[in-house]
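Structure first, commentary second.
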Amino acid sequence: MSVNGLCNYTICVSNSLSGPLSPDLTECKQLQLLILAANNFSGEIPGEIWPELKNLAQLDLSSNEFTGTII
Numbered sequence: 001m002s003v004n005g006l007c008n009y010t011i012c013v014s015n016s017l018s019g020p021l022s023p024d025l026t027e028c029k030q031l032q033l034l035i036l037a038a039n040n041f042s043g044e045i046p047g048e049i050w051p052e053l054k055n056l057a058q059l060d061l062s063s064n065e066f067t068g069t070i071i
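Mapping to this note's numbering: the sequence shown position 14 is 14, numbers consecutive.
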């Protein structure tokens with residue numbers, strides 16, 4: 001998933017997006033809402049993303065295939 005084009009609010013529900021979440025999400029400093037529910041994302045969620053997304057108020061990663069620990 002490319003972070004190009006992401007803005008303050010990103011909603012991509014049921015789009016058959018797949019693969020791991022990119023650590024490049026840290027470049028989206030102003031991101032406030034990220035909804036990626038009901039896709040085919042997989043793998044671990046990179047822990048280095050969260051400290052960088054200080055403005056993130058709402059996150060929905062439900063109904064994907066993530067593995068590992070949520071920190």
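Using N, Cα and C, we set each Cβ at its ideal position, and we do this for glycine too.
Per DSSP, cross-strand counterpart(s) of Ser14: As a working note, residue 14 is residue 14 in the sequence shown. Ser14 pairs with nothing; no bridge assigned.
With H, G and I counted as helix, E and B as strand and the rest as coil, what does DSSP make of Glu65? Within the sequence shown, numbered from 1, the residue matching residue 65 stands at position 65. In the structure shown, Glu65 sits in a strand (DSSP, three-state: E or B).
Buried or exposed: which applies to Asn55, given that a residue is buried once 16 or more other Cβ atoms fall within 10 Å of its Cβ? Position 55 of the sequence shown, counted from the start, is the residue given in the question as residue 55. Counting Cβ neighbours within 10 Å, Asn55 comes out exposed, since fewer than 16 surround it.
Straight-line Cα distance separating Ile45 from Leu53: Here residue 53 refers to the residue found at position 53 when the sequence shown is read from its first residue. Here residue 45 refers to the residue found at position 45 when the sequence shown is read from its first residue. Cα to Cα, the separation comes out at about 14 Å.
Under 8 Å by Cβ, that's how I've got Phe41 and Leu25 pegged, so tell me the actual separation to the nearest angstrom. Looking up residue 41 in the sequence shown gives position 41. Looking up residue 25 in the sequence shown gives position 25. The Cβ separation is near 12 Å, so there is no contact.
On the DSSP letters alone, give me the boundaries of the beta strand (DSSP E) that Ile70 sits inside. Counted from its first residue, the sequence shown places residue 70 at position 70. Neither: Ile70 is in no beta strand (DSSP E) and is coded neither H nor E.
Contacts around Leu33, its chain only, beta-carbon distance under 6 Å, and the 5 residues preceding and following it disregarded: The residue given as residue 33 occupies position 33 in the sequence shown. Within the same chain, Leu33 has close Cβ partners Tyr9, Gln58.
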